[in-house]
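Protein chains in written order, with the UniProt record's numbering: chain S, 1 to 649; chain U, 1 to 198.
From the three backbone atoms N, C-alpha and C, an ideal C-beta is built for every residue, glycine too.
Please read all numbers here as calculations on a predicted model, not as lab measurements.
First the structure, in the form of structure tokens, and then the observations on it.
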Amino acid sequence: MDFFKQFAVPHPSFLIYASMVGIGLTMLAIVVGITYFKKWGYLWKEWLTTVDHKRIGIMYLLSALLMLFRGGVDAIMMRAQLALPDNTLLDSEHYNEVFTTHGVVMILFMAMPFIMFFFNFLVPLQIGARDVAFPRLNAISFWLFFMGMGLFNLSFIIGGSPDAGWTSYFPLAGNEFSTSVGTNYYMIAIQIAGLGTLMTGINFMTTILKMRAPGMSLMKMPMFTWSAFIANVIIVFAFPVLTVALAMGTMDRLFGTNFFTTANGGMDMMWANLFWVWGHPEVYILILPAFGLYSEIISTFARRNLYGYKSMVASMVLISLLSFFVWAHHFFTMGQGPVSNSIFSITTMAIAVPTGVKMFNWLFTLWKGKIVFTTPMLYSVLFIPLFTLGGVTGVMLAMSAADYQYHNTMFLVAHFHNVIIPGVVYAMLAGLTYYWPKMFGFMLNEKIGKWTVWLLSIGFVLAFIPMYITGLDGQARRMYTYSESTGFGPLNMVAFFGAGLMAVGFVLLVYNIYYSTRYASRDISNDPWDARSLEWATHTPVPEYNFAITPKVNSTQAFWDSKKNGHELFPGKLEKIHMPNNSGLPFIMGCAFFGFGFAMVFSMWPIAIISLIGLLACLAYRSFEKDHGRYISVEEIEETEAKLRGAKK
Amino acid sequence: MKVDNSLPLEYSTEENSLKILGFWIFLGAEIMLFATLFATYFTMVHRTGSGPTGAEIFEIAPVLMETILLLTSSFTIGLGIHAMRIGNKKATMVFFLITLLLGAGFLSFEVSEFIHYVHVGATLQTSGFTAILLTTLGTHGLHVTFGFFWGLFILLQIKKRGLTPETANKSFIFSLYWHFLDVVWIFIFSFIYLKGMM
Ligand code: HEM
Ligand SMILES: [Cu+2]
Chain S
1 MDFFKQFAVP HPSFLIYASM VGIGLTMLAI VVGITYFKKW GYLWKEWLTT
51 VDHKRIGIMY LLSALLMLFR GGVDAIMMRA QLALPDNTLL DSEHYNEVFT
101 THGVVMILFM AMPFIMFFFN FLVPLQIGAR DVAFPRLNAI SFWLFFMGMG
151 LFNLSFIIGG SPDAGWTSYF PLAGNEFSTS VGTNYYMIAI QIAGLGTLMT
201 GINFMTTILK MRAPGMSLMK MPMFTWSAFI ANVIIVFAFP VLTVALAMGT
251 MDRLFGTNFF TTANGGMDMM WANLFWVWGH PEVYILILPA FGLYSEIIST
301 FARRNLYGYK SMVASMVLIS LLSFFVWAHH FFTMGQGPVS NSIFSITTMA
351 IAVPTGVKMF NWLFTLWKGK IVFTTPMLYS VLFIPLFTLG GVTGVMLAMS
401 AADYQYHNTM FLVAHFHNVI IPGVVYAMLA GLTYYWPKMF GFMLNEKIGK
451 WTVWLLSIGF VLAFIPMYIT GLDGQARRMY TYSESTGFGP LNMVAFFGAG
501 LMAVGFVLLV YNIYYSTRYA SRDISNDPWD ARSLEWATHT PVPEYNFAIT
551 PKVNSTQAFW DSKKNGHELF PGKLEKIHMP NNSGLPFIMG CAFFGFGFAM
601 VFSMWPIAII SLIGLLACLA YRSFEKDHGR YISVEEIEET EAKLRGAKK
Chain U
1 MKVDNSLPLE YSTEENSLKI LGFWIFLGAE IMLFATLFAT YFTMVHRTGS
51 GPTGAEIFEI APVLMETILL LTSSFTIGLG IHAMRIGNKK ATMVFFLITL
101 LLGAGFLSFE VSEFIHYVHV GATLQTSGFT AILLTTLGTH GLHVTFGFFW
151 GLFILLQIKK RGLTPETANK SFIFSLYWHF LDVVWIFIFS FIYLKGMM
């Protein structure tokens, strides 16, 4: 019996039991459904073993949307708890777990896979490549991410969720104060997903450096590809730091080492430093691809070339460098000297300069453009003022002396949601709407789409602007309740209402997907938005080999040139195409990692060792395996092409 | 697969040159990993709590042996790659084998060094300093262990399949990895051991 006790949730409540039942039933429904429709074979052959970057991208997308809802439910729970003074909907322990999982899920298991989706789906198409440099590694990356995500979510129903915040500061995250296995989950699940991300970084850097279509010099790459490239460089340099920090944190918790304790030479600030040396660049890993997407969308719908291409690139390079030199702004108030505070204050503010350059470039692109207000454009246009507000409050936070006032208050929470929601989430939703036809061959409904944008935006303003005010008045972050006399009540009620509107917005998004799947016209061209870059030059939906003939590029918008100035995009004739074979190995390795991680969380060493051996066996097998892929013959290509052309009249 | 014979075997296909570039980037990530460990080491080196300091537990003789073994193995893997370039399968295999044996020698010294640390009361749990010391050394040691098996598998493949673009590519990448571990060791030797003993 003792063995099973460790799997029990430490502070069960009705809400947790209800969700457990919900999750259980959903899982059951999925398994029964797949069996009933006899889809296991299809699932295995077409998805679980796939190495096609487009499908891997779509799997990232599904994970991201799923996690958006999981994190969103957490958000609503928090706002509901804070809506009234002295509320008792959640108790303090449950509240701790909710804000922790909300933060981790949103950043690492929602926003990250969302950008991974864009990397995977778009980058090869934008550079005119057949696939990424290492297709199989790409599948491994996905499965590691997926298993990390699964493991993290499991914490909710087995053993207890982490409760030390998404920053997991020690000694709070040490065994002494975080007594459940929750923080073990945190350390290990993020470690697994993080390894996958690191491999993605290596893969996409190589892809972009080596696999561009003929004629596409670096300075002719589409802006999204540039942003993806820089984000991946940041990944390669930042993620190893996280790997080390998490490994040390794991050892402190499982093996009783003294890295981050406050006794025996341990150093709790070491964690804070390592965490933010990774954590700050991490937010730029998220925001730069979002900037890339906005650049694509704004230039498409302003019907103009992007203004200031070179300065766009230069500013991203500068941001990526600076992002590594600002981390200590996260602990201005934790006892470092005034010199250090001033330096980090200045480097932080310096980031506003290249960001401002980008803002002006977008504005100048719009300036003389003939703007078409589609849904993606609406997101992009609203992004500009909203994000600017977040940027301004960021500069306020960067003033180290003033930070003593706002530190760890709702002001900070308002600030980072103010940059991350209009900055990242809007970009993802805009990009999703924009690229939806390329993925699935039909458009999302514009009218519902615009309703979604407005609901989200009004909800956003109502949910987060009040937090600036209560934050300045002293409402602390991560505080599960407050008394009536503070006067925070009414504004928090407004925020709750705003969060509710946002929730309606997200539900509307789902409804839109459902509605458009059923009713939208399938008779759309390959280029429904009249866009400018290469991904729109191939068929919709994209055939597995992407381009029948490798495109030849002459400018930053070769496709536009081919439409307007008669540039020949596909010179040459068909040749057989080399493609990689599917493989079950990445998925199996993912499962082994999952087993290993789960066993580690509960210190079940024999199982951990067995999983580890399984994992190494997979690597050994891979080393000996001979797999040279296969060829698609010219006849097959012609057939596919004819069929795809036929579909569009 | 197109083989371009004007290039060395390990670069001769497009896939091969992709892999080599990818591996260089991976080494960039590895540099960050070890840099983080070193940075942590330097900040925690004097945080010995109630445990011993470096000067009290380091012993020069085994460390020198480890250094000699690993440096020599870096040299022999270089010879192995040279032999591979001139197409001498047998010599390639012999140098690979010597490299792996030297690596194994390094590991056996390192294991006994670790046993010694535990013996004198410097375990992972003793203090912040011992934790980061053993973690840094251990990470490097695990890399060498992993490399040992990896190299062994490549050796077996060369034996079975000969020097093909594929095996040559793997061997070359492996040699990069092995040299890299050597460079890391030089840092460990100078900044952890020598500095610690002074
Ligand atoms: C969609 C509407 C959202 C609402 C209503 C919301 C609400 C909240 C609230 C109330 C908190 C603070 C709780 C506290 O400190 O007591 C919080 C924390 C946080 N949120 Fe959100 N959030 C939303 C979306 C997002 C998104 C999209 C992201 C990231 C991509 C995100 C990332 C975070 C992080 C990192 C924290 C800090 C967690 C911690 O303190 O450890 N949130 N959110
Ligand atoms: Cu920061």
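Cut-off 8 angstroms between Cβ atoms - residues of its own chain near residue i, not counting five sequence neighbours on either side
i: S:Asp-91; result: His-11, Ser-13, Tyr-480
i: S:Pro-289; result: Ile-115, Phe-118, Phe-119, Phe-224, Ser-227, Ala-228, Ala-231, Ala-427
i: S:Pro-135; result: Val-51, Asp-52, His-53, Pro-580
i: residue 651 of chain S; result: Look at the range of chain S in this structure, 1 to 649, and you will see that residue 651 of chain S is not part of it.
i: S:Tyr-631; result: Lys-576, Ile-577, His-578, Met-579
i: U:Leu-107; result: Gly-141, Val-144, Thr-145, Phe-148
Close-in-space but distant-in-sequence residues of the same chain around residue i (CB under 6 angstroms, 5 per side omitted)
i: S:Phe-229; result: Ile-208
i: U:Phe-189; result: Thr-67
i: U:Phe-180; result: Leu-27
i: residue 672 of chain S; result: Outside the displayed range of chain S (1 to 649) lies residue 672 of chain S, so it cannot be described from this structure.
i: U:Glu-15; result: none
i: U:Ser-99; result: One detail in the question is off: residue 99 of chain U reads as Thr in this sequence, not Ser. So the qualifying residues of the chain are Ser-73, Thr-76, Ile-77.
i: S:Trp-560; result: Arg-532
Between the CA atoms of residue j and residue i - distance to the nearest angstrom
i: U:Phe-58; j: S:Asp-473; result: 56 angstroms
i: S:Ser-311; j: S:Leu-318; result: 10 angstroms
i: S:Ala-245; j: S:Leu-144; result: 19 angstroms
i: U:Leu-18; j: S:Thr-206; result: 7 angstroms
i: S:Ile-56; j: S:Met-248; result: 31 angstroms
i: S:Pro-281; j: S:Ser-323; result: 5 angstroms
i: S:Met-216; j: U:Gly-105; result: 50 angstroms
i: S:Pro-214; j: S:Ile-202; result: 22 angstroms
i: S:Lys-564; j: S:Ala-617; result: 55 angstroms
i: S:Phe-593; j: S:Leu-254; result: 18 angstroms
i: S:Lys-649; j: S:Thr-540; result: For S:Lys-649, the pLDDT reaches just 42, beneath the cut-off of 50, and the residue's location in the model is therefore unreliable, although a value from the coordinates is still provided. Whole-angstrom Cα-Cα distance: 13 angstroms.
i: S:Ala-263; j: U:Gly-49; result: 7 angstroms
i: S:Met-67; j: S:Leu-218; result: 35 angstroms
Other residues of its chain near residue i: CB distance less than 7 angstroms, five sequence neighbours each side excluded
i: S:Thr-433; result: Thr-375, Pro-376, Leu-444, Gly-449
i: S:Ser-299; result: Asn-305, Leu-306, Thr-365, Arg-532
Where residue i falls: helix, strand or coil (DSSP)
i: S:Thr-257; result: coil
i: S:Ala-617; result: helix
i: S:Ile-610; result: helix
i: S:Tyr-185; result: helix
i: S:Lys-649; result: Any reading at S:Lys-649 must be qualified, since the residue scores a pLDDT of 42, below 50, and its modelled position is unreliable; the value itself is stated next. Reduced to three states, the DSSP call for S:Lys-649 is coil.
i: S:Ile-190; result: helix
i: S:Ala-427; result: helix
i: S:Tyr-406; result: helix
i: S:Arg-630; result: strand
i: S:Ile-76; result: helix
i: S:Trp-529; result: coil
i: S:Lys-370; result: coil
i: U:Ile-86; result: coil
Cβ-based contacts, 8 angstroms cut-off: residues of the stretch 37-58 of chain U near chain S: Leu-37, Thr-40, Thr-43, Met-44, Arg-47, Thr-48, Gly-49, Ser-50, Gly-51
Short of 8 angstroms Cβ to Cβ, which residues in the stretch 121-134 of chain S face chain U? Ala-133, Phe-134
Output needed in chain order: residues of the stretch 126-144 of chain U with a Cβ under 9 angstroms from some Cβ in chain S. Thr-126, Ser-127, Gly-128, Phe-129, Thr-130, Ala-131, Ile-132, Leu-134, Thr-135, Thr-139
Would you mind listing the alpha helix (DSSP H) stretches within the stretch 547-607 of chain S that are 4+ residues and don't spill past its ends, in chain order? 558-564, 585-601
At a Cβ cut of 7 angstroms, what residues of the stretch 208-225 of chain S count as close to chain U, listed as they run along the chain? Leu-209, Lys-210
Could you tell me which whole alpha helix (DSSP H) segments of length 4 or greater appear in the stretch 14-67 of chain S? 14-36
Continuous beta strand (DSSP E) assignments of at least 3 residues falling wholly in the stretch 138-174 of chain S: none
Could you please tell me which residues of the stretch 539-551 of chain S, in chain order, have their CB closer than 8 angstroms to any CB of chain U? none
Check distances from the C-beta atoms of the stretch 112-126 of chain U to those of chain S and list, in chain order, the residues that come in under 8 angstroms. Leu-124, Gln-125, Thr-126
Any residues in the stretch 83-114 of chain U with a beta carbon nearer than 8 angstroms to a beta carbon of chain S? Which ones, in chain order? none
Report the start-end ranges of each beta strand (DSSP E) in the stretch 427-511 of chain S that is 3 residues or longer and not cut off at the edges. none
Taking beta-carbon pairs under 7 angstroms, can you tell me which members of the stretch 177-202 of chain S lie near chain U? Leu-198, Ile-202
The stretch 242-254 of chain S: positions lying closer than 8 angstroms to chain U by Cβ: Thr-243, Val-244, Ala-245, Ala-247, Met-248, Met-251
Taking the runs of the alpha helix (DSSP H) that are 4 residues or longer, which of them lie wholly in the stretch 93-126 of chain S? 112-126
Going along the chain, which residues of the stretch 607-641 of chain S sit with their C-beta nearer than 7 angstroms to a C-beta in chain U? Ala-620, Ser-623, Phe-624, His-628
Using Cβ-Cβ distances below 7 angstroms, what residues of the stretch 2-35 of chain U are close to chain S? Leu-18, Leu-21, Gly-22, Ile-25, Phe-26, Gly-28, Ala-29, Met-32, Leu-33
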